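**Q** I'd like to ask some things about the structure below.
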Amino acid sequence: MSHERGIISTADRQRGLIRYGLPTIQVLIFIAVLIAGVGPLLWLLKSGVSTSQDILRGPMQLWPSGIQLKNIPDAWNRVQIGAYLGNTAFIAIGSMISTLFVCTTGAFVLSILRPKWGPVVTGAVLATLFLPGVISLVPLYMTVLKMPVLGISLQNTFWAVWLPQAAGAFNVLVMKRYFDSIPRELIEAARIDGASNLRLFTSLILPLSKPIVGVVALLTVIGSWKDYLWPLLVLPDPRLQPISVALPRVAKTTEISLQMSALFLAVLIPVVLFLLFQKQFLRGVGMAGGIKE
Amino acid sequence: MFQQRTDKPGRNGAQSWATWYRSGGLSAVFFALPLVLIFLYFSWGPIVRGLVLSFQKNNLVAPPEWVGMSNFSYVLTDPQLPQAALNTLYFCLLALIFGFPVPLFLAVFISELRKTGWLYNVLSYLPAVVPPVAAILLWTFFYDPSGAGVFNSILGWFGLGPFAWLNSQTLAMPAIVLEATWAGAGATSIIYLAALTGVRTELYEAAELDGAGIWSRVWHVTLPQIRGIILIMMLLQLIGTFQVFTEPFLFTGGGPNNATTTILLLIYRYAFINGDFGAATALSVLLAGVLCVLSVVYHFVTRRWSTT
């Protein structure tokens, strides 16, 4: 059986020190990763069903003095964790759709249609890549408060989160680079068959670029899932807030046991989703790293 | 029919418009519209507006008024700025010391495990799945300064502590970096792992024949082959940590005694607490100037590595 060799060779594995040392290191690292990865989640599970007294007095006791299962439905209904999670998902999916729409159509023009003015737009998009996000934080906020020309305010609407997310130069350029690698012969062939631009886009380019669309979608969802400052600024209405904005506000007013079960619920759903789709997920994130190169 | 029209002489202008239209020029404009509009409103526009704003006095109530460089001189002479700049640099440095080697080590280690690697992978990625704000609230509780706090009671078993953690001027920043490392290590190590699959393994054979031990194989064979991605991740981490906001904002709000006030926290205070949008953008522009240098370096590095 010949599997690919790594840094440590089979000959190395025979030697005494490594023969016993390696498994020891493996076990030690496993314990470390286990404590770091699962420890806080288990602690949260325990605290989520404990009384406030138990959490405060003996947070490291293995078994709480009494189990308070009603914390969980209380957190879901009274603290409205369910509604906030719904908002989070709605914001993430909307951001994903707007990002994909803008970067696929844009990349299609810049890479496939290549009008004369294309390079100017590409250059302008590329230039924003050099500027860090901080420079436009405040003016972006003012733009959302009162949209120039249109004169409307996007504050307290989901558009305020969806639309700015789509103005990501990285996504457009990644998509363009992928479209660039599609063989021109395919496009010429479709043209000869009489395909219009729209048809070329929907029936040839999009189906061919499923992998990159998947990666951009995944990265956008992760990004919007983690976002805190921007939704905090543009969604002051509590009914619209995603879980990340709502949790710190809620934490100030609710008792500790409910707080912990709220945190537990907020963590549970993404963790379960991740465990179910871990293979696809990790592959997608790994691919994203390759793109950054 | 089309033939006829193009045959007509002497109408060059109209003719070229017609060809432009027929070759799909108009639909190209339609396809570009979403990109151009979105970027005008949410990227190009705000960048230009930010530059303009930094020379204006603007509090959203009174009409904006030109004030020249006074925003910049106000920001630069603010006694809080040196402290905030030092804190930000300190955060970057600590994040580099803690957060940089951990995922790299983890990735090299996991790539050596053939059968059980995925398990380590999934476990170490778990913290990255936890919503960052939930993680911060959880860790705030872990960092409870009383003797009954989670970390203090664990350290208490070994006779250490209790520590004040977030309430201590010296420990607050390392505590924040520790959480950030915990949250970020798994995600970074996945990227290193993907890069490690491209390492040419026959070089290990050669190195081994030359008598190189395991450590020197890692140092001289593995790491040089992924140094491109290592450098990129380092630059991205620097650019990210310079703009750190959520962690200090939620953990300490900048305290105790401004020990964790970062530049971005200062910008936030200028804009959304004092309502001084001019000063806030002036500081943003200054920070962006510094980061711009980093991202230009990043760009040239990636160019060089992707062509070789």
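Chains as they are written, first to last, in UniProt numbering: chain G, 1 to 293; chain Y, 1 to 308.
Quick reminder that beta carbons are idealized off the backbone N, C-alpha and C, glycines included.
Model, not experiment: these values are computed from the prediction.
1) Between the segment 107-120 of chain G and chain Y, which residues of the former have a C-beta closer than 7 angstroms to a C-beta of the latter?
2) Can you tell me the Cα-Cα spacing of Y/Met-234 and Y/Leu-283, whole angstroms?
3) Can you list, in chain order, the residues of its chain with a C-beta nearer than 8 angstroms to that of G/Leu-275? Leave out the 5 residues immediately preceding and following it.
4) Measure the beta-carbon distance from Y/Leu-196 to Y/Ser-111 and round it to whole angstroms, keeping in mind my assumption that it falls under 8 angstroms.
5) What does Y/Trp-66 pair with, by DSSP beta-bridge criteria?
6) Name the residue from G/Asp-237, G/Ile-72, G/Gln-80 whose alpha carbon lies nearest to the alpha carbon of G/Leu-154.
7) Mind checking which residues open and close the alpha helix (DSSP H) that includes G/Val-125?
8) For Y/Tyr-120, which of Y/Leu-137, Y/Gly-186, Y/Gly-254 has the nearest alpha-carbon?
9) If the cut is a Cβ gap below 8 angstroms, which residues of chain Y does G/Ile-244 touch?
10) Does G/Gly-94 come out as helix, strand or coil in the three-state DSSP assignment?
11) Can you tell me where the alpha helix (DSSP H) holding Y/Ile-38 begins and where it ends?
12) Below 8 angstroms, can you find three or more Cβ-Cβ pairs linking the segment 84-99 of chain G to the segment 193-211 of chain G?
13) Is G/Ile-67 near the ligand GTP, in the sense that its beta carbon is under 8 angstroms from a heavy atom of that ligand?
14) What is the rounded straight-line gap between the Cα of G/Met-96 and the Cα of Y/Leu-26?
15) Given a limit of 8 angstroms on CB to CB distance, which residues of the segment 174-202 of chain G reach chain Y?
16) What does G/Asp-54 touch in chain Y if you count any residue whose Cβ is under 9 angstroms from its own?
17) Give the secondary structure of G/Tyr-228 by DSSP, where H, G and I count as helix, E and B as strand, and everything else as coil.
18) Given 8 angstroms as the limit, is there contact between the segment 241-251 of chain Y and the segment 218-225 of chain Y, that is, 3 or more CB pairs closer than that?
19) By how many angstroms is the C-alpha of G/Ala-107 removed from the C-alpha of G/Leu-173?
20) Closest by CA to Y/Phe-42, which one among G/Val-102, G/Val-285, G/Ser-244, G/Leu-208?
21) Could you tell me which chain G residues have their CB closer than 8 angstroms to the CB of Y/Arg-227, listed as they occur along the chain?
22) Looking at chain Y, which residues of the segment 86-110 of chain G have a Cβ within less than 7 angstroms of any of its Cβ atoms?
23) Would you mind working out which of G/Gly-39, G/Ile-7, G/Met-287 sits nearest Y/Ile-154, comparing C-alpha positions?
24) Quick one: any contact between the segment 133-143 of chain G and the segment 66-86 of chain G, if contact means 3 or more CB pairs under 8 angstroms?
25) Mark G/Arg-184 as exposed unless 16 or more other C-beta atoms lie within 10 angstroms of its C-beta, in which case mark it buried.
26) Applying the 10 Å Cβ sphere with the 16-neighbour rule, what's the burial state of Y/Met-173?
**A** In brief:
1) Phe-108, Val-109, Leu-113, Pro-115
2) The residue you call residue 234 of chain Y lines up with position 234 of the second sequence. The residue you call residue 283 of chain Y lines up with position 283 of the second sequence. Using only the alpha carbons, I get a separation of about 24 angstroms.
3) Here residue 275 of chain G is taken as the residue at index 275 of the first sequence, counted from 1. Answer for G/Leu-275: no residue qualifies.
4) Your numbering for residue 196 of chain Y matches position 196 in the second sequence. Your numbering for residue 111 of chain Y matches position 111 in the second sequence. Rounded, the Cβ-Cβ distance is 4 angstroms, consistent with contact.
5) Against the second sequence, residue 66 of chain Y aligns to sequence position 66. Y/Gln-56.
6) Reading the first sequence from its first residue, position 154 is the one you call residue 154 of chain G. The shortest C-alpha separation from G/Leu-154 is found at G/Asp-237.
7) For this step, residue 125 of chain G is matched to residue 125 along the first sequence. Note, G/Val-125: alpha helix (DSSP H), 118-130.
8) As a first step, residue 120 of chain Y is located in the second sequence; it is residue number 120 there, counting from the start. When each option's Cα is compared against that of Y/Tyr-120, the closest is Y/Gly-186.
9) Translated into the one-based positions of the first sequence, residue 244 of chain G becomes position 244. In the sequence under discussion, the amino acid at residue 244 of chain G is Ser, which differs from the Ile named in the question. In chain order: Pro-131, Pro-132, Val-133, Ala-134.
10) Mapped onto the first sequence, residue 94 of chain G falls at position 94. Three-state result, G/Gly-94: helix.
11) The residue you call residue 38 of chain Y lines up with position 38 of the second sequence. Counting along the chain, the alpha helix (DSSP H) containing Y/Ile-38 begins and ends at 25-39.
12) no
13) Ligands are entirely absent from the displayed structure, and the ligand GTP is therefore not among its contents.
14) Counting from 1 along the first sequence, the entry for residue 96 of chain G is found at position 96. Counting from 1 along the second sequence, the entry for residue 26 of chain Y is found at position 26. Spanning the two alpha carbons is a distance of roughly 27 angstroms.
15) Ser-196, Asn-197, Leu-198, Phe-201
16) Within the first sequence, the letter at position 54 stands for residue 54 of chain G. The contacting residues do not exist; G/Asp-54 stays about 11 angstroms from chain Y at best.
17) Indexing the first sequence from 1 puts residue 228 of chain G at position 228. DSSP places G/Tyr-228 in coil when its eight states are reduced to three.
18) no
19) Taking the first residue of the first sequence as position 1, residue 173 of chain G is located at position 173. Taking the first residue of the first sequence as position 1, residue 107 of chain G is located at position 107. For G/Leu-173 and G/Ala-107, the distance between alpha carbons rounds to 7 angstroms.
20) The residue you call residue 42 of chain Y lines up with position 42 of the second sequence. That would be G/Val-102, whose Cα lies nearest to the Cα of Y/Phe-42.
21) For the purposes of this step, residue 227 of chain Y is identified with residue 227 of the second sequence, where counting begins at 1. Per Cβ cutoff of 8 angstroms: no residues; Y/Arg-227 is ~12 angstroms from chain G at best.
22) Phe-101, Val-102, Thr-105, Gly-106, Phe-108, Val-109
23) Here residue 154 of chain Y refers to the residue found at position 154 of the second sequence. Per the Cα distances, G/Gly-39.
24) no
25) Working through the first sequence from its first residue, we reach residue 184 of chain G at position 184. Classification for G/Arg-184: exposed.
26) Position 173 of the second sequence holds residue 173 of chain Y. Buried.
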